[in-house]
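Engineer: Encoded as structure tokens, here's the structure I'll be asking about.
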Amino acid sequence: MQAIILAAGLGTRLRPLTYAIPKALIPVLNRPLLGVLLAQLREAGAHRVAVNTHHLAGRVEGFLQDNRPRGLEVLVRHEPEILGTGGGLRSLGQALEDQPFLAVNADMAYTGVQVVSPRMLSWLPAEGPADLVAAWRHILAQGEFLAARVVSGHFWQDLGTPEAYLTAHQKLLSGACPGLAGFFPRMADPLVGEGTRLEEGVSLAGGVCLGRDVRVGQGTWLKNTVVWDGARIGPGLTLENCVVGQGGRVTVSARDEVIV
Numbered sequence: 024m025q026a027i028i029l030a031a032g033l034g035t036r037l038r039p040l041t042y043a044i045p046k047a048l049i050p051v052l053n054r055p056l057l058g059v060l061l062a063q064l065r066e067a068g069a070h071r072v073a074v075n076t077h078h079l080a081g082r083v084e085g086f087l088q089d090n091r092p093r094g095l096e097v098l099v100r101h102e103p104e105i106l107g108t109g110g111g112l113r114s115l116g117q118a119l120e121d122q123p124f125l126a127v128n129a130d131m132a133y134t135g136v137q138v139v140s141p142r143m144l145s146w147l148p149a150e151g152p153a154d155l156v157a158a159w160r161h162i163l164a165q166g167e168f169l170a171a172r173v174v175s176g177h178f179w180q181d182l183g184t185p186e187a188y189l190t191a192h193q194k195l196l197s198g199a200c201p202g203l204a205g206f207f208p209r210m211a212d213p214l215v216g217e218g219t220r221l222e223e224g225v226s227l228a229g230g231v232c233l234g235r236d237v238r239v240g241q242g243t244w245l246k247n248t249v250v251w252d253g254a255r256i257g258p259g260l261t262l263e264n265c266v267v268g269q270g271g272r273v274t275v276s277a278r279d280e281v282i283v
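Residue numbers for the sequence shown follow the numbering used here, so the first one is 24 and each next one is one higher.
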């Protein structure tokens, strides 16, 4: 089996978090999302995966060099100009053997996994950006068919906004999807990464995931908060519904995002 992962997106809905890290590498329970997807594809039987890059491409390519699962061939196609869902699928599909392949988005906001026939590529423009949904509509208008199967009992969760990202962590930390446990070092609340230090009087009130080498100051209180690797949190703070990333903090209150 072969597959593609569409990982070139800008992650605009997650800004400012994605100014410093591409969306494909945002940590989920302290593991980069792209690493989770590669591990899932390898377990499902994939032997070759093609990944596209654009935003902060060097970071994605560096991660792939150091973290590809054993026995999995990973091909990288860089997009100097972002090609969209259709153009990215076309570029990656051309890098694979002339056989059907799986297509997965590196945000899962697009909650589905496509099985793509190489014939699909002929319905896309030969070059430049393209929209996959527009291609589907064109195919249907020409009397062709798209097949679909609705599945149940699986964990689908958008990660594309700070609210959704926190919701995913709350669900995973609460044990909502034990079937994913094998893809993470552990699933526990709180989840505290290696080398992280909590000073005296720190309280973790639930839904807390701390990355590696985090420092939390004396007397600080955290709830429903995700803190990325290497972050420093001062003493005496109260943080709830927060993502503390590289270079900033996003506080989620109702549907508003406040950069502090």
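No residue lacks a Cβ here, since even glycine has one placed at the ideal position from N, Cα and C.
Nothing here was measured: the structure is a model prediction, and the numbers come from that model.
Does the distance from the CB of Gly240 to the CB of Glu222 come in under 7 Å?
Structural biologist: The residue you call residue 240 lines up with position 217 of the sequence shown. The residue you call residue 222 lines up with position 199 of the sequence shown. In this structure, Glu222 lies closer than 7 Å to Gly240 by Cβ.
Engineer: Can you tell me whether Pro152 is helix, strand or coil according to DSSP?
Structural biologist: Here the question's residue 152 lines up with position 129 in the sequence shown. Reduced to three states, the DSSP call for Pro152 is coil.
Engineer: Exposed or buried, Ala30, counting other C-beta atoms within 10 Å across all chains shown (16 or more means buried)?
Structural biologist: The sequence position of residue 30 within the sequence shown is 7, counting from 1. So Ala30 counts as buried.
Engineer: Along the chain, where does the alpha helix (DSSP H) containing Gly85 start, and where does it finish?
Structural biologist: Taking the first residue of the sequence shown as position 1, residue 85 is located at position 62. Run containing Gly85: Ala80 to Asn90, per the alpha helix (DSSP H) assignment.
Engineer: Using only alpha-carbon positions, find the residue among Thr184, Val72, Val51 and Leu125 that is nearest to Val99.
Structural biologist: In the sequence shown, counting from the first residue as 1, residue 99 sits at position 76. Out of Thr184, Val72, Val51 and Leu125, Val72 has the C-alpha closest to the C-alpha of Val99.
Engineer: DSSP has Pro213 in a bridge; who is on the other side?
Structural biologist: Position 190 of the sequence shown, counted from the start, is the residue given in the question as residue 213. In DSSP, Pro213 forms no bridge with anything.
Engineer: Just to confirm my understanding: we take Ala277, look at its own chain, exclude 5 residues before and 5 after, and list those with CB closer than 6 Å. What are they?
Structural biologist: Walking along the sequence shown from the start, residue 277 turns up at place 254. Per-residue confidence for Ala277 stands at a pLDDT of 38, beneath the threshold of 50, marking its modelled position as unreliable; no derived number is given.
Engineer: Are Asp121 and Pro141 closer than 7 Å when you measure CB to CB?
Structural biologist: Along the sequence shown, read from residue 1 onward, the residue named residue 121 stands at position 98. Along the sequence shown, read from residue 1 onward, the residue named residue 141 stands at position 118. Yes; because the gap between Cβ atoms is below 7 Å, this pair is in contact.
Engineer: Given a threshold of 16 other Cβ atoms within 10 Å of its Cβ, counted over all protein chains shown, does Ala228 qualify as buried or as exposed?
Structural biologist: What you label residue 228 is simply residue 205 of the sequence shown in a count that begins at 1. Result: exposed.
Engineer: Measuring CB to CB, does Gly242 end up less than 7 Å from Gly224?
Structural biologist: In the sequence shown, counting from the first residue as 1, residue 242 sits at position 219. In the sequence shown, counting from the first residue as 1, residue 224 sits at position 201. Closer than 7 Å, so yes.
Engineer: Enumerate in chain order the residues of its own chain whose CB-to-CB distance from Leu95 is below 7 Å, with the five nearest sequence positions on each side excluded.
Structural biologist: If you number the sequence shown from 1, residue 95 lands on position 72. These residues qualify, in order along the chain: Leu61, Arg65, Ala69, His70 and Val72.
Engineer: How many whole angstroms separate the CB atoms of Gly111 and Glu102, which I take to be in contact at a CB cut-off of 8 Å?
Structural biologist: Here residue 111 refers to the residue found at position 88 of the sequence shown. Here residue 102 refers to the residue found at position 79 of the sequence shown. Indeed they touch by this definition, with Cβ atoms about 7 Å apart.
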